[in-house]
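Student: Can you read through this structure? Questions will come right after.
Numbering (my numbering), first residue to last: 120 to 588.
Dropping the structure here:
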């Protein structure tokens with residue numbers, strides 16, 4: 120898949136066997152990524168902290184361990200990066216805010232510790248929207264990241280892992296961790312033409328990750344291919360005693376059934392809401408999803424319409440829960456250091472302070488209804504398939520932070536339900552910007568969602584196209 124000599128375009132699945140056999144040096148690979156970052160990230164602003172010395176040290180250690188016969192697995196010696204809200208011991212974790220510009224954690228987030236155990240090389244910390252909310256805001260700590268398909272456009276919507284999406288797409292890391300509270304992994308994946316998964320709530324620990332909404336935050340990987348996403352998810356999934364929201368359930372082998380195809384599987388299509396032309400919904404997104412359904416049918420899947428009667432209330436529930444919990448976390452600083460927040464995120468957080476206990480509890484009641492209705496739909500189907508985002512990436516200039524409150528959210532409903540959801544590319548718009556397809560599974564059945572995603576990915580072959588940056 121990588122062009123000759125372009126190590127920065129290798130996938131994890133391609134690089135791992137070469138590293139294991141000694142045919143590819145982790146040090147050489149890491150230097151290729153550092154050179155790539157130096158060459159083009161000035162146009163993308165995807166990194167906010169570069170850890171070059173640490174990366175080269177970790178790469179040398181990985182190389183020595185592998186030569187000594189101590190190969191840890193497919194992430195050993197692989198250069199990755201982290202959204203800048205994952206705690207990293209001794210390395211700044213700013214959440215891209217002037218409220219915490221010099222914060223240096225004493226310990227690693229659980230997910231970071233697990234990736235280190237798997238042998239990864241850390242290239243650095245990636246841009247995001249301040250405290251994982253708002254949008255591209257030039258009044259926050261660092262400039263916003265840009266989309267490698269067109270640098271005038273955003274690499275992700277509100278609360279997004281924007282730097283993670285841009286860096287993976289542009290070949291500035293082999294994989295990244297993002298976080299998703301209303302679509303912050305899947306939105307950038309859709310807009311940047313990559314793969315990203317929001318695992319089931321409770322599948323991956325949130326310990327050591329700066330919170331936005333305790334009951335809706337999800338940590339997950341973002342990569343170029345479905346296989347790479349499965350590899351990264353394997354490393355970070357599992358129960359964590361330090362995070363009481365994690366579930367003590369078995370973690371399957373995500374690669375085991377990845378190539379089993381979709382024949383015999385039922386794909387549920389919730390046409391109401393997700394496939395309707397509405398204000399803010401680009402018809403090209405719907406058309407791309409319809410073509411993907413045709414492709415899945417040709418591959419042997421049974422396509423069946425399903426209903427989620429109260430789905431239109433999911434976005435409001437997602438936002439009310441998110442804003443209420445976010446305001447609770449930030450209340451003290453908002454009262455004493457309000458002007459240290461960027462303009463866009465401050466206004467959103469203050470909105471949360473206007474919500475009542477009744478608003479919050481009504482949203483929780485609606486969450487229960489929607490979870491039950493989605494469970495009913497998934498009794499009729501193995502997965503649900505929808506567009507990921509209502510439009511291709513909007514322009515940075517003129518973006519309003521409240522856009523996500525007025526545009527339909529195709530991702531937020533699955534934060535409300537906590538179901539696993541993966542976004543994969545579904546094509547390019549007429550303007551040459553990526554669009555995404557969302558595949559939603561049953562609780563803790565990321566494996567089937569990834570299996571369907573892999574089958575479509577291999578048929579569509581969007582993975583053969585890289586952005587022109």
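We put the CB at the ideal spot given by N, CA and C, even for glycine.
From a predicted model like this one, the values you see are computed outputs, not experimental measurements.
From the DSSP output, read off the bridge partner residues of residue 337.
Tutor: BP columns for residue 337 point to 299.
Student: Compare the Cα-Cα distances from residue 356 to each of 370, 363, 155 and 451 and report the closest residue.
Tutor: When only C-alpha atoms are compared, the closest one is 370.
Student: How many angstroms separate the CA atom of residue 244 from the CA atom of residue 203?
Tutor: So the alpha carbons of these two residues sit roughly 5 Å apart.
Student: Using a Cβ distance threshold of 8 Å, determine whether the stretch 414-421 contacts the stretch 563-578, with at least three qualifying pairs required.
Tutor: As far as the Cβ criterion goes, the stretch 414-421 touches the stretch 563-578, which means the pair count is three or higher.
Student: By Cβ distance below 6 Å, which residues in the same chain neighbour residue 233 in space, the five residues on each side in sequence not counted?
Tutor: The residues are 354 and 355.
Student: Of the residues 128, 485 and 557, which one's Cα is nearest the Cα of residue 294?
Tutor: Taking only the C-alpha atoms, the option nearest residue 294 is 128.
Student: In terms of residues, what are the limits of the beta strand (DSSP E) holding residue 198?
Tutor: It spans 198-202 - the beta strand (DSSP E) in which residue 198 sits, taken as one unbroken run.
Student: How far does the alpha helix (DSSP H) with residue 159 in it extend, from its first residue to its last?
Tutor: 145-163 is the span of the alpha helix (DSSP H), which, as asked, contains residue 159.
Student: What does residue 168 pair with, by DSSP beta-bridge criteria?
Tutor: Residue 168 is bridged to 244.
Student: Assign residue 399 to one of two classes, buried (16 or more other C-beta atoms within 10 Å of its C-beta) or exposed (fewer than that).
Tutor: Result: exposed.
Student: Residue 387 to residue 505, Cα distance in whole Å?
Tutor: One C-alpha to the other measures close to 9 Å.
Student: Going by DSSP, which residues form a beta bridge with residue 554?
Tutor: The partner list for residue 554 (beta bridge, DSSP) reads 546.
Student: Measuring only the C-alpha atoms, how far is residue 499 from residue 161?
Tutor: Cα-Cα distance, rounded: 49 Å.
Student: Might you give, ordered along the chain, the residues of its own chain that have their beta carbon closer than 8 Å to the beta carbon of residue 270, omitting 5 neighbours on each side?
Tutor: Contacts found: 162, 163 and 588.
Student: Mind pulling the alpha helix (DSSP H) runs of 4 or more residues that sit fully within the stretch 343-429?
Tutor: Segments of the alpha helix (DSSP H) lying fully in the stretch 343-429: 345-355, 390-393 and 402-417.
Student: Could you check where the alpha helix (DSSP H) with residue 230 kicks off and where it finishes?
Tutor: Per DSSP, residue 230 belongs to the alpha helix (DSSP H) from 229-236.
Student: Between the C-alpha atoms of residue 445 and residue 518, what's the straight-line distance to the nearest angstrom?
Tutor: Straight-line Cα distance between these residues: approximately 22 Å.
Student: Give the secondary structure of residue 123 by DSSP, where H, G and I count as helix, E and B as strand, and everything else as coil.
Tutor: At residue 123 the pLDDT is 43, less than 50, meaning the model places this residue with poor confidence and gives no usable figure here.
Student: Excluding the 5 residues preceding and the 5 following residue 147 in the sequence, name in chain order all residues of the same chain whose CB lies nearer than 8 Å to its CB.
Tutor: Around residue 147: 126.
Student: Using CA atoms only, rank isn't needed, just tell me which of 440, 235 and 264 is closest to residue 475.
Tutor: Closest by alpha carbon: 440.
Student: Scan the stretch 444-503 and note each continuous alpha helix (DSSP H) run of 4 residues or more that stays entirely inside, going in chain order.
Tutor: Correct list: 462-472 and 476-499.
Student: May I ask you to list the residues that DSSP assigns as paired with residue 67?
Tutor: With the chain covering only 120 through 588, there is no way to say anything about residue 67.
Student: Which partner residues of residue 210 appear in the DSSP bridge assignment?
Tutor: Looking at the DSSP assignment, residue 210 forms a beta bridge with 207.
Student: From 311, 225, 289 and 332, pick the residue whose C-alpha is nearest to that of residue 531; which is it?
Tutor: Comparing Cα positions, the closest option is 332.
Student: Under the assumption that residue 228 contacts residue 206 (Cβ atoms under 8 Å), give the Cβ distance between them as a whole number of angstroms.
Tutor: Indeed they touch by this definition, with Cβ atoms about 4 Å apart.
Student: I'd like to confirm the pairing. Which residues does DSSP put opposite residue 269 in its beta bridges?
Tutor: Per DSSP, 266.
Student: Give the straight-line distance between the Cα atoms of residue 432 and residue 487, rounded to the nearest whole angstrom.
Tutor: Their Cα atoms are separated by approximately 12 Å.
Student: Does DSSP classify residue 239 as helix, strand or coil?
Tutor: If DSSP states are grouped into helix, strand and coil, residue 239 belongs with coil.
Student: Count the CB pairs spanning the stretch 295-314 and the stretch 215-225 that are closer than 8 Å, and state whether there are at least three.
Tutor: At 8 Å Cβ cutoff, the stretches do not touch.
Student: Check residue 440 in the structure and name its three-state DSSP category.
Tutor: Reduced to three states, the DSSP call for residue 440 is helix.
Student: Does the beta-carbon of residue 186 have 16 or more other beta-carbons within 10 angstroms, so that it is buried, or is it exposed?
Tutor: Exposed: under 16 other Cβ atoms inside 10 Å.
Student: Quick one, are the C-beta atoms of residue 485 and residue 538 less than 8 Å apart?
Tutor: No, these two residues do not count as a Cβ contact at 8 Å.
Student: Output yes or no for whether 8 Å exceeds the beta carbon distance between residue 198 and residue 130.
Tutor: Contact: no.
Student: Given that a residue counts as buried once 16 or more other Cβ atoms are within 10 Å of its Cβ, and exposed if not, what is residue 123?
Tutor: Low local confidence applies: a pLDDT of 43 at residue 123 is under 50, so the model's placement there is unreliable, and no value is given.
Student: With H, G and I counted as helix, E and B as strand and the rest as coil, what does DSSP make of residue 329?
Tutor: Three-state result, residue 329: coil.
Student: One question on the structure: do residue 268 and residue 461 come within less than 8 Å of each other, judged by their Cβ atoms?
Tutor: Contact: no.
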